[in-house]
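Novice: Using our numbering, the first residue of the sequence shown is number 4, and each one after it goes up by one.
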Amino acid sequence: MKPATTRFFDVPELVAHLTKYLDHPGITKLMRTSRRMHDLCIPAQYRQIQPGRFFYDRTTDSIQSLAKNVHRVREMLIWRHGIVYYTNCVIAFLDLLATQHAITTTVNSQPALSRPAWLAPPDFHICKVVPIPPMTMLTKLNFFFGQQGEFEECPYYLPSYRDPKAIITQLCWLVSSNPHLLDLKLQGFIIKDDRDVRLLTRAISGLQRLQSLYVFFYQWEDWAGPWTSNVGIDLFFACPPTLRTWTVMTSELYEDDIDVFTDEYIQLPPGTLQSWERSDEESELTAATRRRQEPLLNLKTLTLGALGEETTEKDLRLVFQHCPNITTLDMPPLPFRTSDIRRLAQDIAQYCTKLSDLTFHSFGDGAGVAGELLTLILEALSPQQVTRFNCDHLPLFSVQGLGSGIKAGFIFRRHSSTLHTISLSGCQNIDSRAIQSILVGCALTELRSLDLRALFFDPEEADREITERYWETTFPGLLSLKNETTGRPGYLQLLDGLTKLTLLDGSVSATTEEAKATIGMMEVPTTTRFFETPELVAHVTHYVDYKKIAKLMRTSRRMHTLCTPAHYFNIMTDFELGRNPNVLRTPSLAQALARNVHHVRHLNLRRLSSYWDPKAIITQVCWIMDLNPHLQNLELCKVDIKDQRDICILATSLLKLKGLQRCILEFYHWEMRTLAQGLGRAIFFSCRSSLQHLTISSMDDDYSCYADLAENYNISTGDPVGLEEERRRMWSDYLAGARESFATIDRSFSRISRSLRHLGEGFFKDVGALSESYGPLNPPLRRVRQPEQFAQEIVRCCPKLRDLTNSGFYDKNVPVQELLVRTMRALPPQQLRTFHNDGIGSFAIRDLNNAGGLFRRHSTTLQNVTLTCCRNFDSKAIQLVLVECGALEELYVQWASDSLFSINLEDAVEFPWASTRMRTSHLAIAIPDEPFHHLANDSVLFYNRPSPTSLSETETQQLTSLEALYRQIGELTELCTLKLLAIFFGPQGNRPKAEFFNVDTNPFPGMLNLESRRTSRPSYLHHLGGLTKLETLTVSVRATTPETKVTIGMMKVAWMDHHWPALQKIRFFNKKEKIIDPFLWLRQQREMGKVPKLNLCRW
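1. Given a cut-off of 9 angstroms, decide if G85 and P125 are closer than it, judged by their beta-carbon atoms.
2. Since G371 is in the alpha helix (DSSP H), which residue starts that stretch and which ends it?
3. If L302 sits next to L246, beta carbons under 8 angstroms apart, how far is it from one beta carbon to the other, in whole angstroms?
4. What residues in its chain sit with their C-beta under 7 angstroms from that of I1078, if we drop five residues either side in the sequence?
5. Give me the Cα-Cα distance between Y164 and R436, rounded to the nearest whole angstrom.
6. Beta strand (DSSP E) containing S452: first to last residue?
7. Going by alpha carbons, who is nearest to P1081 out of P1064, K1096, W1058?
8. Quick check: what's the CA-CA separation for T36 versus E538?
9. With DSSP collapsed to three states, give me the class of K982.
10. Measure the C-alpha to C-alpha separation of P832 and C355 and round it to an integer number of angstroms.
11. For N91 versus M138, is the C-beta spacing smaller than 9 angstroms?
12. Ordered along the chain, which non-local residues of its own chain (more than five positions away) have a Cβ less than 8 angstroms from that of P1034?
13. What are the boundary residues of the beta strand (DSSP E) that G509 is part of?
14. List in chain order: all unbroken beta strand (DSSP E) runs of 3+ residues lying wholly within the region 597-658.
15. Buried or exposed, going by whether 16 or more other CB atoms sit within 10 Å of the CB of A120?
16. Nearest CA to the CA of L668: which residue from A654, K661, K659, G662?
17. Give me the Cα-Cα distance between F987 and P818, rounded to the nearest whole angstrom.
18. Could you spell out where the alpha helix (DSSP H) holding T142 opens and where it closes?
19. Tell me whether F12 sits in a helix, a strand or coil according to DSSP, three-state version.
20. Which stretch, first to last residue, makes up the beta strand (DSSP E) that contains R39?
21. What does V251 pair with, by DSSP beta-bridge criteria?
22. With H, G and I counted as helix, E and B as strand and the rest as coil, what does DSSP make of E316?
23. Within the same chain, show all residues whose beta-carbon is closer than 8 angstroms to that of P790, passing over the 5 residues directly before and after it, in chain order.
24. Output needed for G2: all residues of its chain with C-beta closer than 6 angstroms, excluding positions within five of it in sequence on either side, in chain order.
25. With contact counted as at least three CB pairs below 8 angstroms, one residue from each stretch, are the region 233-248 and the region 208-224 in contact?
26. My guess is that T292 and T204 are in contact by the Cβ rule of under 8 angstroms, so how many angstroms apart are they, rounded?
27. Return the first residue and the last residue of the beta strand (DSSP E) that A929 is part of.
28. What number of angstroms, rounded off, separates the C-alpha of K23 from the C-alpha of V73?
29. Short of 6 angstroms in beta carbon distance, which residues of its chain neighbour R1089, apart from the five on each side in sequence? Order them along the chain.
30. Classify L587: buried if its beta carbon has 16 or more other beta carbons within 10 angstroms, exposed otherwise.
31. Is I906 near L885, with beta carbons less than 9 angstroms apart?
32. I'd like to know whether the C-beta atoms of V642 and F670 end up nearer to each other than 9 angstroms.
33. So if DSSP puts N393 in a beta bridge, which residue, or which two residues, is it bridged to?
34. With burial defined as no fewer than 16 other Cβ atoms inside 10 Å of the residue's Cβ, what is the status of R10: buried or exposed?
35. State the Cα-Cα distance for the pair F766 and G856, rounded to the nearest angstrom.
36. Give the secondary structure of V547 by DSSP, where H, G and I count as helix, E and B as strand, and everything else as coil.
Here you go:
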């Protein structure tokens, strides 16, 4: 009898069914096993495609392979570049058919397809266009218009990419040519006028089997005409009766999104034909699309997100009358105000009797009306029917006739046995009594998520909350068990019925004073069962230090047995005094290691200080590598490389480590000539395809340290006799290794010093294996002849690059710094995560006019940005980083005497900053020198004026800008490190004056002052009260400037102690300056309490 694995492939239907769940690489591997497997799996290989994968390299073979199998395609995800190129390929195919009378194709059984008159004409072929037969058997289509960017960098770019009108005709032609579509998703395209709407509704009306429709479009000029207000209604009545899910949503198009559009598209008003468009009569668009009359009996989910101002109550009623079986309703803001909203809600409940999920989560005018309507629908539906009521982000509104208190909560009690999700906001009828009624009526035995928040208030003044920081408080007695001995109250046992609880959040902190005193082992009984699970012990003890494991082993024989593998898991052998632990320091410890050597997984070796023969050491290291072919992590530090023999020995051992994942190599090289003969290239090509992290660094040796070397390791360099044959054999092994694909490599080179500059520009071109790499890149170059072409070559070879780094701060390597900027420009949009351009000196890129645009292209992915050296990164570029990079966590704008990188004060406060997750910020703020330093002879600085302080118009204006800056910084609640530099510019905007060049002594006016009614002095310290996680505050924030000497006192220091509890380092004083009494008190408070100690001086 045949085994099951053999019989499986004898059933083609079973193979076709299961291969749907394999990814493309897995199917490709199966196809390569045999000709029969190729025939069985090829339908699955082309069932679901992204045309961009075939178009990207523009090779004729890849596109022709798609052309031969288009009849197998059922599901397609296509972007704007892809649909433009695909349409031109199909037109080329139809033109070819028209010119040839007899032609044999693989798709001769497909129905004939003609070009409609309204279709945009084909583009000029600025790239190679290969004829492709049309796809007519699609069942699922997902189109995404995509974000704007440097569109011409796409290798298959064609001009109609810039014309949204041409794209919508291409999209509608693709939809119309696939009448078997079941799932259609169209996202991000633009509707400009009535012609676009008619094309779209006509295409969708021809899909008689459609089951799911998702449409998201942008409005041109905020609803260009009355016709656009009915797009959602028109699309609803164009859908077939088979529809099950219907979602139509819209949004406004911003000016930044139209930069790449053609001038003709932008300038012509809606309704005006473009130069290539034919009239409605010529295009056969005069007939209106037939509206469906029968109801959508299969529709279950209805999301109304495109109701314009012209939509009436009659239109809304008509929609609900045609979907009697929907269960999920997502309501948008309603543009109209009905005279009897209660009657409308009752009618909707009668039309749609099976509604069980009511949702609203949008914004805009009419949101309150939608919330009121949803609440009344809940009241009108049959009892015990609704399972989910979700109304988030609603403005304040009131439901007429609903009342408040228990009466308002009664509408939820009518569904108490079915409701499993309730989310309330905005409704003023739902007060404390109403919430009580909901809790009393709805059982919580199935509770899975519990978010309890304690908001303490003043009983005499109920509207005044004592604390809003609910996460730092807890409910008294909630996390304690009742204790009969002490009589302490405890209520944790009352929650033992919540057996399905998966999330507990809110005011349940275990770090409050009460929780620290009450929570113990009784509250956490699972810890007693920990040591009953040996696997759990083995896993956790790897994270316990050596001394604690040794103490555990002494407690009992059983614990000794459990912890022995962890005790020898990581071994340190070091004979230097003070090093601990060292398992070879006594003969008995060495014998114990010999008995447990099979437990060793991590080995840390150091040489003897009395033994220094680099030639012998490298052979011993390579021998250990050969004995451990399963090595996954290899780190060799300060290894001496003298000649080609050392390179060959090391490369041979590396080549045998087939499972190596992480490799860090730090070399001392004897002479530059050895590297010139291929050290870096030899090491790289000796690593296997399992590699994920590779770091190579090297430095020149100091000959003075070789006085104690062995006699045979002298200063003269020469290759041993007979090495040439060994070298030739090794290079053949390198070539074999180079043919492997580095599919999982995470890091090509994270740090390569100047000594590896001999790799040259051709390195990335030669290393084709990096085509699947992603991660940090630090190019090892000293001279670049064609930086722009080289940057594009790097991106082509390494398309998944996410981090660009230059860590050679003390190396004035301008070519590398410029190459990083150009590589950033060449990367695809929204890919870069880290841009670290550090160094010394300065340079400018001539053809980089809009440096800020580089960061806009990666605004949603950039997390770490370091800017220095490149003069293109001016104030406006830094402003764009702050305003548009919403994922930013670390920002370093490095200021130095030879590179004045800073952001002007007016640019810093012009727009709100996008990121709220920033943890580290190093910023230099350029402040106009007037009025704080250039004063008239009879003027007095504002902080020395008698109270109440009066300010001039110029001072008021500048202090207003500074206050906006402090407020902006105070909103960065995740900030841990803040480095602020004040740079004062001259009256004409010239460079900093000599007397104000030292940023350590420049003040930020009013920053460290609290508001006082007596003095009326400018004070903005209270804006920084949200920085509760701040640990480091440095540079131009001093307590010894002329202003702070006058303003800082005990009240300000007490404020800092309360609002900045995590503060550890702050440069308020130099080492030579005397610390004043308030700060001595602050330091003493920190030393006495359980908070981090505070360093007030320069460290």
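The beta carbon of each residue, even a glycine, is placed where N, CA and C say it ideally should be.
Just so we're clear, the structure is a prediction, and the values are computed from it rather than from any experiment.
Specialist: Here's the rundown:
1. Contact flag unset, no.
2. 370-383
3. 5 angstroms
4. Result list for I1078: F1072, L1099, in chain order.
5. Roughly 58 angstroms between the two C-alpha positions.
6. 452-455
7. W1058
8. 39 angstroms
9. Strand.
10. 44 angstroms
11. no
12. In the sequence as presented, Pro is not what sits at residue 1034; that position holds Glu. Same-chain partners within the cutoff: C979, T980, A1065, L1066, Q1067, K1068, P1095.
13. Following the DSSP letters along the chain, one finds G509 inside the beta strand (DSSP E) bounded by residues 506-509.
14. Inside the region 597-658, DSSP marks whole beta strand (DSSP E) runs of 3 or more residues at positions 605-608, 636-644, from first to last along the chain.
15. exposed
16. A654
17. 32 angstroms
18. Element bounds for T142: n/a, residue is neither H nor E.
19. coil
20. Premise fails: R39 lies in the alpha helix (DSSP H), 38-48, not in any beta strand (DSSP E).
21. V218, L307
22. When DSSP states are grouped into helix, strand and coil, E316 belongs to the helix group.
23. P818, E821, L822, R825
24. Lying before the first or after the last residue shown, residue 2 is absent from the chain, which here runs from 4 to 1102.
25. yes
26. 5 angstroms
27. 923-931
28. 17 angstroms
29. So the qualifying residues of the chain are K1096, L1097.
30. exposed
31. yes
32. Yes. Within cutoff.
33. T362, S426
34. exposed
35. The predicted model places F766 with a pLDDT of 46, which falls under 50 and marks its position as unreliable; any figure quoted below should be read in that light. One C-alpha to the other measures close to 29 angstroms.
36. Assignment of V547 by DSSP, reduced to helix, strand and coil, places it in the coil class.
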